[in-house]
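Student: Okay, handing you the structure first.
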Amino acid sequence: MFEDACRLRARELRTRAEARRRRAPSVAKREVGEAEALEREAHSWSLIYHLLGDGATVERESAEKETEVLRATPREEGGTRGDFLPPPLRSRLRCASRDEERDPVTFRLNRIIAWLEANSASALRRAELDGTAYDGRFLRDECDWRATADAIDASAKCDPDGNPLSTSLDPDGPMRTKSALHPSNADAEVRLCERLWKLIRAGSVQEARDLCSKVGQHWRAASLGGASGWGPAPVGSTADEELERDIRKLLALRDEDALAAQNEVDLNDDATAAECDGIGTARRALWKWTCMVAARHIDKAGKLSQTPAAKYEASVYGALCGDLQTMLAVCEGDWESTAWAYTRALFDLRVDAVVNTGKVLDDVSNFEPGEVVRDPTELETTDDAVDRLGEPRWPTRDVINATPKTVEEILLVKMPERFPDADAHRTVQTHLILGKMKELLLDHMMRWIFPEDELDSNVERVSSEPLDIGLTRFTAHALLFLESLLPEGGGLSPGGELYFHLNKVLNLYVVHLIANKRYALVPAYVVHLRHPLLIETYANFLDLLAPAVLSRKTLCYAEAALWMEIEGPGGWREIVTRALSDSTSLVNVHRGPEYRRLMLQWACVTSEMYPEAVKHACLLLRQLMCQRTSIGVFANDAPVDGELRARVILLEELPEVAQEEARANGAAAAAAELADWARYLAATEAISQWKQVWSVNESRRLDVAAQNTRPYAPNSAGEVTEDELAKARVAIDAVVALLRSENWLDDEALYDDMEQTGDATLRVVAIPVAKAFDDPLTSANMSIEQIARDLETLLGSKFAQGVVEVSATVGITPGECPARVEGEYGQVVVQISTECNDEDRASLYQDVSLAMADCVKGDLPGQEVTLDVQSVGGSSETLVHALCRAICVPSLVIQAAQVEAATRTGTTQIIEMTADPKFGVHKYFAPTELRWLLELGREIGLTILDK
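Read in full-length UniProt numbering, the sequence shown has 655 at position 655, and its numbers run on one by one without any break.
Structure (structure tokens):
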């Protein structure tokens with residue numbers, strides 16, 4: 001999959017670069033470089049497939065199938081009687097190359113060669129598809145040297161360069177007579193030999209033979225297989241194709257029609273003919289020796305050996321027998337071809353050893369040359385060829401000596417000598433083949449992608465950009481694949497010695513994906529992180545997307561649901577709960593109410609999360625409604641900001657069924673608290689509706705009074721309208737009902753668990769606001785640090801020494817967080833801590849909450865500021881609820897008293913309830929609030945006197 005993706009993207013880049021080559025050469029050059037990097041990465045993925053992945057699995061399955069076929073080798077007369085026939089030579093070759101149990105070294109070589117040949121075959125196919133494979137297109141009989149024969153018949157003596165034309169047109173004629181072919185034949189010969197090399201390099205020996213027959217060189221087609229279908233031991237898909245052919249032959253024996261058809265096919269099958277001769281391995285060895293002799297003869301042909309055709313022709317025959325001396329010349333500058341030549345030579349020696357002797361070759365250096373193949377007749381002993389070439393045997397001593405002994409020698413000695421500056425993916429491939437996973441990761445991969453200062457860090461979490469994005473992507477994917485493919489995870493599984501580094505790489509890649517807004521891919525990689533890191537990283541991701549619209553968040557959840565469950569460790573519930581907890585935390589005081597409202601939306605994207613949504617909404621409502629101080633209410637004609645935000649949460653953010661879902665799924669306390677806040681906001685909404693009507697009517701009454709020129713007021717000037725009275729009654733009744741309930745935010749149903757005694761803490765983060773509204777607080781007229789010191793002193797004076805611990809510190813200095821409105825003027829963090837037990841907890845909670853409420857209201861003696869609360873929290877929900885009551889109840893009661901006064905009916909129901917100890921409302925009032933309430937009572941009394 002990744003190999004195909006890399007190749008497809010590389011092809012797109014090359015196509016685009018070609019289109020931009022003239023108009024934007026620098027851009028085209030960069031895209032070509034990216035394409036080359038992707039192609040190198042594709043080769044690494046191909047190696048993982050062949051060496052560790054499905055390619056190796058398929059090879060093992062094919063080996064088992066080979067064994068089954070050999071067991072089913074038919075006997076004489078179609079298997080009806082007689083002894084079992086010996087296994088065909090081609091089957092023994094395949095079995096020797098695939099027997100992982102007996103010879104794991106040869107099996108590994110098999111996989112390496114299959115990888116290298118697959119890369120070459122893939123390149124040939126892509127060239128055909130792209131229309132760039134000019135060297136692979138041949139006309140029928142194009143290379144039959146007819147043009148040379150016609151030129152000789154026309155009495156031509158030499159080619160245009162003055163080289164004599166060959167008058168001997170047998171296969172060895174031009175080389176033997178040191179003469180040339182006609183230019184058209186010479187060019188075709190170069191193209192043919194180059195194409196044959198590419199096909200054999202890709203493992204397609206049969207295709208090379210077919211090409212020779214097509215272009216008119218049947219003699220060469222016969223030479224490529226010794227006229228018997230011989231060749232190097234096939235690997236990969238080529239071996240599977242041969243196996244399937246043998247299976248078809250076996251099955252054809254059971255069906256007369258299929259047998260007849262198969263016999264027709266076998267008439268032209270050299271391999272089948274060779275098996276019928278019962279020759280065994282001797283003549284195949286003779287053929288391989290002949291290939292070596294032919295290759296070296298061409299290689300030593302003086303000036304003619306330097307021609308391109310001669311180089312490729314020598315390499316073709318050298319590749320068929322595994323002769324490095326004649327193969328390496330054409331591999332110059334090509335890493336994979338050079339590696340293929342070395343590994344193919346070693347592989348063929350090991351396979352030949354098993355086929356010839358029946359024993360696995362432990363050490364190539366101990367391998368003895370083959371036996372002489374022919375009998376030393378008188379004719380042969382007088383032939384000087386024996387003196388020049390030696391006795392015909394395979395393998396020869398010089399071939400054995402020239403062949404590397406191990407894969408380690410090839411990759412660590414031979415290849416560095418020829419390619420001292422190998423790129424990153426060659427390093428990856430070398431270490432994968434050698435099985436050095438730890439060295440690859442620690443010594444190379446980590447240094448390719450991490451800055452120097454983060455290499456030695458013992459923290460998995462990173463924040464920097466990777467040094468190389470392409471290598472980072474490859475490393476992340478490769479490590480995940482290797483963890484699933486290697487025995488025991490290769491140390492990359494949880495608890496392994498490389499697990500830490502896997503998490504560090506994955507976290508780096510996830511950070512890169514987030515930075516580049518590839519959000520759909522994030523969950524696919526986050527789920528592989530260690531559990532705590534997973535939760536932290538994904539919670540930070542949700543934090544980053546807090547400003548996103550709800551539809552984007554819903555899409556993010558749908559993408560995450562493809563990779564993770566709702567429940568369980570690392571599930572969506574745990575992640576969102578962590579994100580919500582972080583959003584309400586007072587540690588990061590840069591976060592404000594609007595941010596926390598946006599974070600609430602993450603819990604509303606699926607109904608399974610409604611209980612968490614309700615819990616978080618309650619936390620947020622507490623913080624928002626603590627802005628609704630009496631002075632805040634009177635300083636604004638409209639509702640305070642916190643109240644408006646709270647209404648949005650209840651009416652717009654939370655789904656209608658959220659409260660019921662929470663009550664039914666383990667969040668009954670949060671559902672009860674939400675109901676309390678709904679009752680409170682219903683009362684404030686009723687007051688707001690009254691105020692809208694009253695404002696219109698009061699404006700009309702003032703206009704009438706201003707237009708009156710009489711010495712007395714009109715009879716209807718001060719009348720209160722019916723609609724105004726109706727709205728007033730609704731508002732007053734709502735407030736009275738709330739006060740009569742006596743359990744608003746003070747009910748056991750609000751708590752799921754019993755609170756433990758011990759340390760109690762109440763903390764508030766707020767913006768200081770000057771009491772004089774015409775003199776706003778700025779850094780020029782008041783220091784945040786000074787305000788914090790003053791608050792700490794004033795608040796501490798409310799308690800006896802040692803009872804509580806009070807601290808007030810600077811959260812944000814003015815201008816430190818200009819991106820957030822809440823941070824424009826600075827913030828302070830005020831905290832009261834105390835120890836309590838069951839006996840004094842209630843009274844101590846009341847004292848602490850009332851003192852903090854006075855501080856928020858700006859009603860401490862000598863306090864010059866009020867506090868616009870941005871966040872509130874504590875160790876006890878009871879304590880936080882008490883603070884909410886101490887702030888919200890007085891502001892609501894005073895508003896209701898204003899409604900009573902404005903109706904001019906003379907009723908004092910609200911004031912009476914406030915003064916009644918039965919309801920306990922009076923204790924929440926600060927001195928200033930009591931004074932305002934008394935002034936309203938005096939106003940009502942004056943109204944009664946007027947009547």
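Beta carbons are placed, not taken as given, at the ideal position from N, Cα and C, and that holds for glycine. As the structure is a prediction and not an experimental result, all values here were calculated from the model.
#1: Given a cut-off of 8 Å, decide if leucine 544 and cysteine 556 are closer than it, judged by their beta-carbon atoms.
#2: With a 10 Å radius around its C-beta and 16 neighbouring C-beta atoms as the bar for buried, classify proline 890 as buried or exposed.
#3: Compare the Cα-Cα distances from residue 949 to each of Cys884, Gln827, Thr475 and Thr406 and report the closest residue.
#4: In chain order, what residues of the same chain lie with their CB nearer than 7 Å to the CB of phenylalanine 2, ignoring the 5 residues before and after it?
#5: Quick check: the Cα distance between alanine 734 and glutamate 900, rounded to an integer number of angstroms?
#6: On the CB-based measure, 16 or more other CB atoms within 10 Å of its CB, does glutamate 835 come out buried or exposed?
#7: If you measure between the beta carbons of alanine 670 and alanine 683, is that distance less than 8 Å?
#8: Applying the criterion that 16 or more other CB atoms from any shown protein chain within 10 Å of the CB defines a buried residue, is proline 532 buried or exposed?
#9: By the 10 Å Cβ neighbour count, where 16 or more other Cβ atoms means buried, how is alanine 780 classified, buried or exposed?
#10: On the CB-based measure, 16 or more other CB atoms within 10 Å of its CB, does serine 464 come out buried or exposed?
#11: Report the three-state DSSP secondary structure of leucine 8 (helix, strand or coil).
#12: Tell me, which residues are paired with alanine 728 by DSSP?
#13: Roughly how many whole angstroms lie between the Cα atoms of arginine 14 and aspartate 4?
#14: I need the boundaries of the beta strand (DSSP E) containing residue 987, first residue and last residue.
#15: Do you know how far the Cα of isoleucine 575 is from the Cα of tyrosine 538?
#16: By Cβ distance, which residues of its chain are closer than 7 Å to leucine 529, with the 5 residues on each side in sequence left out?
#17: Taking the alpha carbon of leucine 867 as the reference point, which residue from Leu860, Cys855, Arg248 and Asp153 has its own alpha carbon closest?
#18: Looking only at its chain, what residues have a beta carbon closer than 7 Å to the beta carbon of isoleucine 940, apart from the 5 residues adjacent to it on each side?
#19: Does glutamine 707 pass the burial test, meaning 16 or more other C-beta atoms within 10 Å, or should it be called exposed?
#20: At the level of alpha carbons, what is the spacing between cysteine 888 and phenylalanine 481?
#21: Can you look up aspartate 759 in the DSSP assignment and give me helix, strand or coil?
#22: With H, G and I counted as helix, E and B as strand and the rest as coil, what does DSSP make of glutamate 835?
#23: DSSP on cysteine 158, reduced to helix/strand/coil?
#24: Quick one: what's got a C-beta closer than 6 Å to methionine 913's C-beta in the same chain, skipping five residues either side?
#25: Excluding five sequence neighbours on each side, which residues of the same chain lie with their C-beta closer than 6 Å to the C-beta of alanine 926?
#26: Among Leu745, Tyr845 and Ile894, which one has its Cα closest to the Cα of histidine 881?
#27: By the DSSP assignment, the alpha helix (DSSP H) with histidine 881 in it spans what residues?
#28: What's the C-alpha gap between alanine 37 and leucine 199?
#29: Alpha carbons only, please: which of Ala282, Gly302 and Ala314 is nearest the one belonging to alanine 295?
#30: Counting along the chain, where does the alpha helix (DSSP H) carrying arginine 108 start and finish?
#31: Using DSSP bridges, identify the partner residues of isoleucine 433.
#32: If you pair each beta-carbon of the segment 338–350 with each one of the segment 323–330, do three or more pairs fall below 8 Å?
#33: Is serine 779 helix, strand or coil by DSSP?
#34: Could you tell me which of Ser875, Thr903 and Arg597 sits nearest to serine 695, measuring between CA atoms?
#35: In three-state terms, what does DSSP make of valine 640?
#36: Where does the unbroken alpha helix (DSSP H) through valine 32 begin, and where does it stop?
Tutor: Judging by the given coordinates:
#1: no
#2: buried
#3: Summary: the structure shown does not reach residue 949, with the chain confined to residues 1 through 947, and so no result is reported for it.
#4: Trp45 and His477
#5: 13 Å
#6: exposed
#7: no
#8: exposed
#9: Here alanine 780 scores only 45 on pLDDT, less than 50, and its place in the model should not be relied on; the value that follows carries that caveat. By the 10 Å Cβ count, alanine 780 comes out exposed.
#10: exposed
#11: helix
#12: DSSP, once it has assigned bridges, lists no residue as partnering alanine 728.
#13: 15 Å
#14: For residue 987 there is no data in the structure shown, the boundaries of the chain being 1 and 947.
#15: 7 Å
#16: Asn503, Leu506, Asn507 and Thr537
#17: Cys855
#18: Glu900, Ala901, Gly906 and Thr908
#19: exposed
#20: 58 Å
#21: strand
#22: strand
#23: strand
#24: Leu739 and Phe919
#25: Asp854, Lys857 and Asp859
#26: Leu745
#27: 877–903
#28: 25 Å
#29: Ala314
#30: 104–130
#31: Paired residues: none, contrary to the question.
#32: yes
#33: Because serine 779 carries a pLDDT of 41, less than 50, the predicted location of this residue cannot be relied on, and no value is offered for it.
#34: Thr903
#35: coil
#36: 25–51
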